[in-house]
Amino acid sequence: MPPVFIVVCNNTMTSKRVFDYIAGYDDGDNGEKSLIEGKLPIFSNVRNGQWLAQPNTLLIDSYQLESGDALTQEFKQLVSSEIEEFKAEIKQRYPGRSVDNITDEDLLREVMNTIGKKGKLGENIKCVVSVSMLTEGWDTNSVTHILGIRAFSSQLLCEQVVGRGLRRISYETEPHSVEVEGKTVKFEAFPAEYAEVYGVPFEFIPTAGGLAEPKPPKETTLVYTVDERADSVITFPHVIGYRRELIGECLTYQFDEGVQYILTSRDIPTLTENAPIAGVSSLQSPGEIKKKRLSEIAFLLAKLILEKYFEQEGGDKGVHYVIGQEAVQNKVKFWLFPQVLQITKYWMKKYLICRDNTFPQLLCYEELKHNAANRIVQRLQTQAGKPILKPILFLQSCHAEGCTDNINFRTSKPTYMTNHKCHLSHIVLDSVWERQFAHALQSMDEVKAYVKNHQLDFKVPYTFEGKQHHYIPDFIAKVDDGHDDLLNLIIEVSGEKRPDKDTKMETVKNLWVPAVNNTGQFGRWAVCEVTDPYQAMTTIRECC
């Protein structure tokens, strides 16, 4: 991605003179062609007495937009495929709009909107000379120099100009550390990026001390969709949520170690020290909660399961049914409460494990109560051994399906160049083992296509501690498992054990995958958790 230099002028006459100085011009008289090269070779549009087919510098102002002379016929011929791609995007963005009347003004705006983007009309542009043009929607993030040649009458105007240099090239964090009260605090943060601004009297946040020496930008790698590898395209649904449909009313369960819930003082503090500024500190514990009876905790947990997962059609949310001292919404199937309560009590007795100073009454806290409810429901079954709740998914209304087409971004992280099995040119390496893992996928005959899930917007919604989160799997692979169609395999390589890890995997296995497969619209899906990267091939084959 080339760095971009922006020049902001006061009127079209000034902008034309600046443009001619930078990019070159035709000095011929009486129709004779005499091209003068620009004074800045890297930005010049003239070389060896000829106009370049792909210009380095773009003049964008009201006159250029109206005249239609900014883009030469040679340029249009050279980028004909990009123009056709732009027309296809117009059709997708605005269904029903005709692309036969695309004007040079539309093309010029698209050039400006795609500056520095590989395979787009503005790929080669390195300098933009403009008159205002501050409200345009262009979003290049590689502006390194800005020059103002006009009067700036307000800080708002200065902010608009300088803002062109504030868009980050990289959103990848790096480790930092600071000393706080004698202790070293480590954290992840964005690296500093700089743009040089001249002629714009912009006042930002006053600071004391000297200026830090700007560091040279890191080398970046362009990751993009390789059109020649269209056979390796991977598509996936954009799931935003789920609901569960009850398929039976005689409940049973199949509990195992996967539904164990271990309470520790890491989940919630059981002892708090209250220290005033002066005086004696005191220790406090949730003693009132501990006085609650276990049967009351089981009632509360069963009530949550009933309201969250067992709704009936046509129920009235305003009417309540009273069980003991607790009111239950009439919209739920309250007649299932005895079965749910019995299962809940059994789970609490066998699979709720309290360590350190914790105790079952801590399930009164909403986060812990929701976690417990999720674990119980995932193992509920009918008498035939099938899940009692059939998951139904909700898709994004305007963008129900994503894919590996039209991916284009830069990264400063390490990358691995892929072969024909990956639709993208590279995969971004977040850890040491991912290079070896990608190599293993490429060498497996069963794997027909794969991709690292980085900036694909493929995520799995799940609930943890009563709050909505999104889980981003590591890889997606299309595997030949002997059926007529390929299996879409979500691959997660487990790293550090975290409290939400089990919840993520349970959601994918018992909710996301069944819900997607039930639609029949997105092929067959499965999930594979790799706990040992050096046994990846064996694990993947076992999952299939």
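According to the UniProt record's numbering, the sequence shown is numbered sequentially starting from 1.
The beta-carbon is built from N, C-alpha and C at its ideal position, and this holds for glycine as well.
Original post:
How would you write the range of the alpha helix (DSSP H) that A515 sits in, first residue to last?
Top reply: Here residue 515 corresponds to residue number 515 of the sequence shown, with the count starting at 1. Note, A515: alpha helix (DSSP H), 513-519.
**OP:** Hey, could you find the ends of the alpha helix (DSSP H) W433 is sitting in?
**Re:** Along the sequence shown, one-based indexing puts residue 433 at 433. Where W433 is concerned, the enclosing alpha helix (DSSP H) stretches over 433-443.
Subject >> Which listed residue (N10, P533, D480) has its alpha carbon closest to that of R435 >> reply: By one-based count along the sequence shown, residue 435 stands at place 435. Nearest of N10, P533, D480 to R435, Cα basis: P533.
Subject >> Cutoff 6 Å; reference A302; Cβ partners in own chain excluding five residues on either side >> reply: Stepping through the sequence shown from its first residue, residue 302 is reached at position 302. If we look at A302 and ignore the five residues flanking it on each side, its Cβ neighbours are V340, L341, T344.
**OP:** State buried or exposed for Q521, treating a residue as buried only when at least 16 other CB atoms are found within 10 Å of its CB.
**Re:** Position 521 of the sequence shown holds residue 521. With fewer than 16 other Cβ atoms within 10 Å, it is exposed.
Original post:
Using the rule of at least 16 other Cβ atoms within 10 Å of the residue's Cβ for burial, across every protein chain shown, is R164 buried or exposed?
Top reply: In the sequence shown, the residue the question calls residue 164 occupies position 164. Classification of R164: buried, given that the 10 Å Cβ count is 16 or more.
Subject >> K308 versus A298 - alpha carbon distance >> reply: Within the sequence shown, residue 308 is the residue found at index 308, counting from 1. Within the sequence shown, residue 298 is the residue found at index 298, counting from 1. Looking at the two C-alpha atoms, the distance is approximately 15 Å.
Original post:
Sorted by chain position, which residues of the same chain lie with C-beta nearer than 6 Å to F86's C-beta, five sequence neighbours on each side aside?
Top reply: Against the sequence shown, residue 86 aligns to sequence position 86. Excluding residues within five positions, the ones whose Cβ falls inside 6 Å are E110.
**OP:** Have a look at Q468 and P461 and give me their C-alpha separation to the nearest angstrom.
**Re:** Along the sequence shown, one-based indexing puts residue 468 at 468. Along the sequence shown, one-based indexing puts residue 461 at 461. Rounded to whole angstroms, Q468 and P461 show a C-alpha spacing of 7 Å.
**OP:** Kindly confirm or deny that the stretch 472-486 and the stretch 440-449 touch, where touching means at least three C-beta pairs closer than 8 Å.
**Re:** Yes: at least three Cβ pairs fall under 8 Å.
**OP:** Tell me whether C543 sits in a helix, a strand or coil according to DSSP, three-state version.
**Re:** One-based indexing of the sequence shown puts residue 543 at position 543. Per DSSP, reduced to three states, the secondary structure at C543 is helical.
Original post:
Excluding the five sequence neighbours on either side, which residues of its own chain have a C-beta within less than 6 Å of the C-beta of F437, listed in chain order?
Top reply: For the purposes of this step, residue 437 is taken as residue 437 along the sequence shown, with counting starting at 1. Annotation for F437: P533, A536 place their beta carbon closer than 6 Å to its own, counting only its chain and skipping 5 residues before and after.
Subject >> Close beta carbons around R167, own chain, < 6 Å, minus the five adjacent residues each side >> reply: Within the sequence shown, numbered from 1, the residue matching residue 167 stands at position 167. Result list for R167: N141, in chain order.
Original post:
Leaving out the 5 sequence neighbours to the left and right, which residues in its chain are closer than 7 Å to K118 when beta-carbon positions are compared?
Top reply: Against the sequence shown, residue 118 aligns to sequence position 118. Hits under 7 Å: L222, Y224, N408.
Original post:
What three-state label does DSSP hand R109 in the structure shown?
Top reply: Indexing the sequence shown from 1 puts residue 109 at position 109. Here R109 sits in helix by DSSP.
**OP:** With DSSP collapsed to three states, give me the class of Q254.
**Re:** Numbered from 1 along the sequence shown, position 254 holds the residue referred to as residue 254. Of the three classes helix, strand and coil, the one that applies to Q254 here is coil, per DSSP.
Original post:
Alpha carbon to alpha carbon, what distance is there between T503 and I323?
Top reply: Walking along the sequence shown from the start, residue 323 turns up at place 323. Walking along the sequence shown from the start, residue 503 turns up at place 503. With a pLDDT of 48 at I323, under the threshold of 50, the predicted position of this residue should be treated as unreliable, though the coordinate-derived value follows. One C-alpha to the other measures close to 30 Å.
**OP:** State the DSSP-derived secondary structure class of V328, mapped to helix, strand or coil.
**Re:** Locating residue 328 in the sequence shown gives position 328, where the first residue counts as 1. Model confidence at V328 stands at a pLDDT of 49, short of 50, so the residue's coordinates are unreliable and nothing is read from them.
Original post:
Using the rule of at least 16 other Cβ atoms within 10 Å of the residue's Cβ for burial, across every protein chain shown, is G116 buried or exposed?
Top reply: Translated into positions along the sequence shown, residue 116 becomes position 116. The residue is buried, with at least 16 neighbouring Cβ atoms inside 10 Å.
Original post:
Can you give the Cα-Cα distance for G315 and F337, rounded to whole angstroms?
Top reply: Within the sequence shown, residue 315 is the residue found at index 315, counting from 1. Within the sequence shown, residue 337 is the residue found at index 337, counting from 1. A caution first: G315 carries a pLDDT of 49, below 50, which makes its placement in the model too unreliable to give a value.
**OP:** For F409, verify whether its CB is less than 8 Å away from any heavy atom of the ligand ADP.
**Re:** This structure lacks the ligand ADP, and indeed carries no ligand of any kind.
Subject >> Sequence-distant residues of the same chain with beta carbon closer than 6 Å to W433, five excluded per side >> reply: Sequence index remark: in the sequence shown, residue 433 carries index 433 (1-based). Only P533 meet the Cβ criterion.
**OP:** Compare the C-alpha of V18 against each of E82, V128, V4 and name the closest.
**Re:** Stepping through the sequence shown from its first residue, residue 18 is reached at position 18. It is V128 whose Cα lies nearest to the Cα of V18.
Original post:
Does the Cβ-Cβ distance between K350 and F255 come in under 9 Å?
Top reply: Within the sequence shown, the letter at position 350 stands for residue 350. Within the sequence shown, the letter at position 255 stands for residue 255. Yes, Cβ-Cβ distance for K350 and F255 is below 9 Å.
Subject >> Cut-off 8 Å between Cβ atoms - residues of its own chain near T220, not counting five sequence neighbours on either side >> reply: In the sequence shown, the residue the question calls residue 220 occupies position 220. Excluding sequence neighbours, T220 sits near M1, I169, S170, R410, T411, S412.
**OP:** Report all residues from its chain with a CB closer than 6 Å to the CB of P414; omit the five preceding and five following residues, and keep chain order.
**Re:** The residue given as residue 414 occupies position 414 in the sequence shown. L429.
Original post:
So A189 is in the beta strand (DSSP E); what residue range does that whole segment cover?
Top reply: In the sequence shown, the residue the question calls residue 189 occupies position 189. Here the beta strand (DSSP E) through A189 covers 183-189.
Original post:
What are the partner residues of Q50, as DSSP defines its beta bridges?
Top reply: Residue 50 sits at position 50 when you count from the first residue of the sequence shown. Looking at the DSSP assignment, Q50 forms a beta bridge with R47.
Subject >> Close-in-space but distant-in-sequence residues of the same chain around residue 550 (CB under 8 Å, 5 per side omitted) >> reply: Coverage of the chain is limited to positions 1 through 544, which leaves residue 550 absent and any answer about it impossible.
Original post:
From which residue to which residue does the beta strand (DSSP E) around P461 run?
Top reply: For the purposes of this step, residue 461 is identified with residue 461 of the sequence shown, where counting begins at 1. From DSSP, the beta strand (DSSP E) with P461 extends over 460-464.
Subject >> From N48, N11, T57, residue whose alpha carbon lies closest to that of Y21 >> reply: On the sequence shown, residue 21 is found 21 positions in, with the first residue counted as 1. With distances taken between Cα atoms, Y21 lies closest to T57.
Original post:
Buried or exposed: which applies to H426, given that a residue is buried once 16 or more other Cβ atoms fall within 10 Å of its Cβ?
Top reply: One-based indexing of the sequence shown puts residue 426 at position 426. Buried, because 16 or more other Cβ atoms sit within 10 Å of the Cβ of H426.
**OP:** Could you check if I540 is buried or exposed, using at least 16 other CB atoms within 10 Å of its CB as the buried criterion?
**Re:** Position 540 of the sequence shown, counted from the first residue, corresponds to residue 540. I540 counts as buried, since no fewer than 16 other beta carbons sit within 10 angstroms of its beta carbon.
**OP:** With a 10 Å radius around its C-beta and 16 neighbouring C-beta atoms as the bar for buried, classify F5 as buried or exposed.
**Re:** Position 5 of the sequence shown, counted from the start, is the residue given in the question as residue 5. Buried, because 16 or more other Cβ atoms sit within 10 Å of the Cβ of F5.
Original post:
Does the separation of the CB atoms of H423 and V239 fall below 9 Å?
Top reply: Numbered from its first residue, the sequence shown carries residue 423 at position 423. Numbered from its first residue, the sequence shown carries residue 239 at position 239. No.
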